[in-house]
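Note that the sequence shown covers residues 907 to 1171 in this note's numbering.
Glycine included, every Cβ here is placed at the ideal spot set by N, Cα and C.
Notes follow once the structure below has been shown.
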Amino acid sequence: EAQFGDFANGAQIMFDQFISSGESKWLRMSGLVCLMPHGYEGQGPEHSSARLERFLTMCGGDNWIVANCTTPANYFHILRRQLHRSYRKPLMLMTPKSLLRHKLAVSKAEDFTTGSSFHRVLWDDAEKGNSDTKLVADDKIKRVVMCSGKVYYDLLEERDARGIDDVYILRFEQFYPFPAQSAVRELERFKQAEMIWCQEEPKNQGAWSFIEPNIEWVLGRIDAKHGRASYVGRATAASPATGLASQHKAQQAALVDEALTIKGN
């Protein structure tokens, strides 16, 4: 049962032995798609994490795709791409349950039709989408908050509620293969801005350990003022999440606040 990562660990042998390395070892391609609920919604340690960090640790040699889509259109396109490619790669997809009915997780009809495609990195909704905030010019942006998954909508709602116009929120929809060209293209617009990686998971879990060196490479490539991204999220922990709803809400509010608050403003 790969419903949540804490249950997918019962299938760890299959992930290790066959799915992640089968093509490398035996030249056997697989188009398997695993949908694994992943998102911190106050449901406790057994129903919050798909153990994203484990799948990212096994990435190498373009062996599979690890993604975390935040829009209906991107979810549609990543599944469509899986079928239309001339080769097969396993797709490990994190699927936040709360986005099934989230009022901001919507896509326009044209995002599904001719000319549309999967986006490995997604823009801030203040540029295109569900936000009334008008951001300042790119060279006036003070901070770029990079994230993935449902925490994007927590950040977006809080930023709009505060009326902040100098913080840009950038989503990584695909972790692996790492979208280096897309990241360079987006981040070179904000060379002077402070760079933040925000995640819901504890620091020793989630995408941080995987994403940090990749973002550092991108920032070096664009000659950014800040050569490394700072971490914002939960502290290192043995358990994926707290079992107390009140503590979850406090932790979530704290990480969102830290990601959006620029010292001196």
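Cβ neighbours of residue i in the same chain (closer than 6 angstroms, five flanking residues each side left out)
{"i": "residue 935", "result": "929, 994"}
{"i": "residue 989", "result": "none"}
{"i": "residue 1001", "result": "941, 943"}
{"i": "residue 1013", "result": "977, 978, 979"}
{"i": "residue 1158", "result": "none"}
{"i": "residue 1154", "result": "948, 1148"}
Closest Cα partner of residue i within the set the options
{"i": "residue 1087", "options": "977, 1064, 1127", "result": "1127"}
{"i": "residue 1165", "options": "1139, 962, 1113", "result": "1139"}
{"i": "residue 1168", "options": "1072, 1141, 1110", "result": "1072"}
{"i": "residue 1027", "options": "1079, 1039, 992", "result": "1079"}
{"i": "residue 1134", "options": "940, 1020, 914, 1101", "result": "1101"}
{"i": "residue 1084", "options": "974, 940, 943, 918", "result": "974"}
{"i": "residue 1045", "options": "1021, 1068, 1130", "result": "1130"}
{"i": "residue 1082", "options": "962, 1007, 1012", "result": "962"}
{"i": "residue 1160", "options": "960, 1089, 1105", "result": "1105"}
{"i": "residue 1145", "options": "917, 925, 918, 946", "result": "946"}
{"i": "residue 1110", "options": "1120, 1122, 1125, 1147", "result": "1147"}
{"i": "residue 981", "options": "925, 967, 922, 1011", "result": "1011"}
{"i": "residue 1052", "options": "1149, 958, 1136, 948", "result": "1136"}
{"i": "residue 1050", "options": "1035, 1070, 1156, 1056", "result": "1070"}
{"i": "residue 1007", "options": "1115, 919, 1056", "result": "1056"}
{"i": "residue 960", "options": "1158, 1039, 1154, 926", "result": "926"}
{"i": "residue 1156", "options": "932, 931, 918, 948", "result": "948"}
Own chain residues within Cβ distance below 7 angstroms of residue i, not counting five before or after
{"i": "residue 1037", "result": "1031, 1062, 1066"}
{"i": "residue 987", "result": "1024"}
{"i": "residue 1141", "result": "1108, 1109"}
{"i": "residue 914", "result": "908, 942, 956, 957"}
{"i": "residue 972", "result": "961, 962, 965, 998, 1081, 1082"}
Beta-carbon gap between residue i and residue j smaller than 9 angstroms
{"i": "residue 1004", "j": "residue 1107", "result": "no"}
{"i": "residue 1047", "j": "residue 1058", "result": "no"}
{"i": "residue 978", "j": "residue 938", "result": "no"}
{"i": "residue 970", "j": "residue 998", "result": "yes"}
{"i": "residue 1143", "j": "residue 1054", "result": "no"}
{"i": "residue 964", "j": "residue 924", "result": "no"}
{"i": "residue 1124", "j": "residue 1090", "result": "yes"}
Start and end residues, beta strand (DSSP E) containing residue i
{"i": "residue 1139", "result": "1136-1140"}
{"i": "residue 941", "result": "939-942"}
{"i": "residue 1102", "result": "1100-1108"}
{"i": "residue 1200", "result": "No statement about residue 1200 is possible, as the shown extent of the chain runs from 907 to 1171 and does not include it."}
{"i": "residue 1074", "result": "1073-1078"}
{"i": "residue 984", "result": "Not the beta strand (DSSP E): residue 984 falls in the alpha helix (DSSP H), residues 978-990."}
Neighbourhood of residue i by C-beta, 8 angstroms cutoff - its chain only, sequence neighbours within 5 removed
{"i": "residue 1064", "result": "1162, 1163, 1166"}
{"i": "residue 1022", "result": "979, 983, 1016"}
{"i": "residue 991", "result": "none"}
Contact with chain B by residue i, beta-carbon distance below 9 angstroms
{"i": "residue 1118", "result": "In the structure shown, chain B cannot be found, because there is only a single protein chain."}
Residue i - containing alpha helix (DSSP H), residue span
{"i": "residue 1041", "result": "Run containing residue 1041: none; DSSP gives neither H nor E here."}
{"i": "residue 1067", "result": "1057-1068"}
{"i": "residue 894", "result": "Lying before the first or after the last residue shown, residue 894 is absent from the chain, which here runs from 907 to 1171."}
Taking one C-beta from the region 1086-1102 and one from the region 939-959 each time, how about it: are there three or more such pairs within less than 8 angstroms?
-> no
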